[in-house]
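Below: one structure, written as structure tokens.
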Amino acid sequence: MSSSKLFTTFLFSLNLALLLQTSFGADPLFHFCSNSENFTANSPYESNLKTLINSLIYKTPSTGFGVGSVGQYQNQKAYALALCRGDVSASECKTCVSEAPKEILSRCPYNKGAIIWYDYCMFKYLDTDFLGKIDNTNKFYMWNLKNVSDPATFNYNTRDLLSQLAQKAYVNNKLYATGEAKLENSETLYGLTQCTRDLSSSDCKKCLDDAINELPNCCDGKEGGRVVSGSCNFRYEIYPFVKE
Ligand SMILES: *[C@@H]1O[C@H](CO)[C@@H](O)[C@H](O)[C@H]1NC(C)=O
Ligand SMILES: *[C@@H]1O[C@H](CO)[C@@H](O)[C@H](O)[C@H]1NC(C)=O
Numbered sequence: 001m002s003s004s005k006l007f008t009t010f011l012f013s014l015n016l017a018l019l020l021q022t023s024f025g026a027d028p029l030f031h032f033c034s035n036s037e038n039f040t041a042n043s044p045y046e047s048n049l050k051t052l053i054n055s056l057i058y059k060t061p062s063t064g065f066g067v068g069s070v071g072q073y074q075n076q077k078a079y080a081l082a083l084c085r086g087d088v089s090a091s092e093c094k095t096c097v098s099e100a101p102k103e104i105l106s107r108c109p110y111n112k113g114a115i116i117w118y119d120y121c122m123f124k125y126l127d128t129d130f131l132g133k134i135d136n137t138n139k140f141y142m143w144n145l146k147n148v149s150d151p152a153t154f155n156y157n158t159r160d161l162l163s164q165l166a167q168k169a170y171v172n173n174k175l176y177a178t179g180e181a182k183l184e185n186s187e188t189l190y191g192l193t194q195c196t197r198d199l200s201s202s203d204c205k206k207c208l209d210d211a212i213n214e215l216p217n218c219c220d221g222k223e224g225g226r227v228v229s230g231s232c233n234f235r236y237e238i239y240p241f242v243k244e
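The sequence shown begins at 1 in the UniProt record's numbering and counts up one residue at a time.
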């Protein structure tokens, strides 16, 4: 079974307006549990996974990214990845990547694979090697319920900004970019693009371009939106949402 088959495919839409009322950065945005077989308590897989989780909690905050695997034998070996948003501090990153596996293990107990996203980080693990490959399976959308007054122009400007930020991210050593654009109504559009750093630069570009191509499905004429996958994500808003 290929790793991409292990997760159920869903395209989920969430109501950003509701999510914005939750506490700042602290609640998960979304998660998937894998539908692969379960592990059992005190199994080698559980022990390998817990070792791996602890090592990622330790090593991710300094750079904002961590990957690893633990175990020798097929079906006992665990693979994992943690990524913090490019602007968050090491201590915020640590808080997020410490919380994420606890939350996953309560939402997906005994699942060999799972993924969870927060504003500040994402955490993913699986019993097959998914590292270095674009994750086309785990994906969700979020959008602001508020409609813009001139969707055609706004959509054009959004795509333009995010395309520029995809160009900027894939040549950045953190595969991360933020930027803004002045709109005609004197508003400012703020954007962010980011890839997981197990991807090659060219796969990062491909992942972001594919995500940006989903703008019409996700966020047509909406004041804010995100396409978030296991390998890359973008976000745009008409208010600043990253720390400089
Ligand atoms: C795994 O365990 C969950 C409960 O924790 C159960 O609902 C699910 O059916 C199990 N999956 C498999 C493949 O056995
Ligand atoms: C935004 O536009 C959609 C489609 O035209 C409409 O269904 C929805 O009610 C509008 N939302 C708001 C908050 O006005």
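Note that CB positions come from ideal geometry on N, CA and C, so glycine has one too.
Just so it is clear, the structure is predicted and the values come from calculations on it, not from any experiment.
Closer than 6 Å to ligand 2: residues, by C-beta to nearest heavy atom, in chain order
Leu145, Lys146, Asn147
Note down the Cα distance separating Gly86 from Ala41, rounded to an integer number of angstroms.
Position 86 of the sequence shown holds residue 86. Position 41 of the sequence shown holds residue 41. Near 35 Å, if we compare the C-alpha coordinates of Ala41 and Gly86.
Assuming the contact rule is C-beta atoms closer than 8 Å, Ala166 and Lys205 should be a hit. Round their C-beta distance to whole Å, please.
Position 166 of the sequence shown, counted from the first residue, corresponds to residue 166. Position 205 of the sequence shown, counted from the first residue, corresponds to residue 205. The pair is a contact, with the Cβ atoms about 6 Å apart (cut-off 8 Å).
Alpha carbon of Lys59 to alpha carbon of Phe65, nearest angstrom:
Residue numbering aside, residue 59 sits at position 59 when the sequence shown is read from its first letter. Residue numbering aside, residue 65 sits at position 65 when the sequence shown is read from its first letter. So the two alpha carbons sit approximately 8 Å from each other.
Status (buried if at least 16 other CB within 10 Å, exposed otherwise) for Val227:
Indexing the sequence shown from 1 puts residue 227 at position 227. Buried is the call here.
Decide if Pro101 is buried, meaning its Cβ has at least 16 other Cβ atoms within 10 Å, or exposed.
Reading the sequence shown from its first residue, position 101 is the one you call residue 101. Classification of Pro101: buried, given that the 10 Å Cβ count is 16 or more.
In whole angstroms, what is the alpha-carbon distance linking Val67 and Leu56?
Position 67 of the sequence shown, counted from the start, is the residue given in the question as residue 67. Position 56 of the sequence shown, counted from the start, is the residue given in the question as residue 56. Distance from the CA of Val67 to the CA of Leu56, rounded to the nearest whole angstrom, comes to 7 Å.
Near Glu237, what residues of its chain come up, given a Cβ to Cβ distance below 6 Å and the 5 sequence neighbours on each side ignored?
In the sequence shown, the residue the question calls residue 237 occupies position 237. So the qualifying residues of the chain are Tyr190, Gly224.
Identity of the residue in Thr95, Glu37, Tyr141 nearest Phe234 by Cα
Along the sequence shown, one-based indexing puts residue 234 at 234. Among Thr95, Glu37, Tyr141, the Cα nearest to that of Phe234 belongs to Tyr141.
Apart from the five residues on each side of it in sequence, which residues of its chain come closer than 8 Å, Cβ to Cβ, to Lys168?
For the purposes of this step, residue 168 is taken as residue 168 along the sequence shown, with counting starting at 1. Closer than 8 Å at Cβ, skipping near neighbours: Ala177, Gly179, Thr193.
Do you know offhand how far Asp127's Cα is from Thr153's?
Position 127 of the sequence shown, counted from the start, is the residue given in the question as residue 127. Position 153 of the sequence shown, counted from the start, is the residue given in the question as residue 153. When rounded, the distance between both Cα atoms is 45 Å.
Out of Asn157, Lys139, Asn173, which one is the CA nearest neighbour of Asn185?
Reading the sequence shown from its first residue, position 185 is the one you call residue 185. With distances taken between Cα atoms, Asn185 lies closest to Asn157.
Sort Ser98, Tyr73, Cys195 by Cα distance to residue 257 and report the nearest one.
Not covered by the structure: residue 257. The range shown for the chain is 1 to 244.
When DSSP labels each residue in this structure, what does Val227 get in the three-state scheme?
Translated into the one-based positions of the sequence shown, residue 227 becomes position 227. The answer is strand: DSSP assigns Val227 an E or B state.
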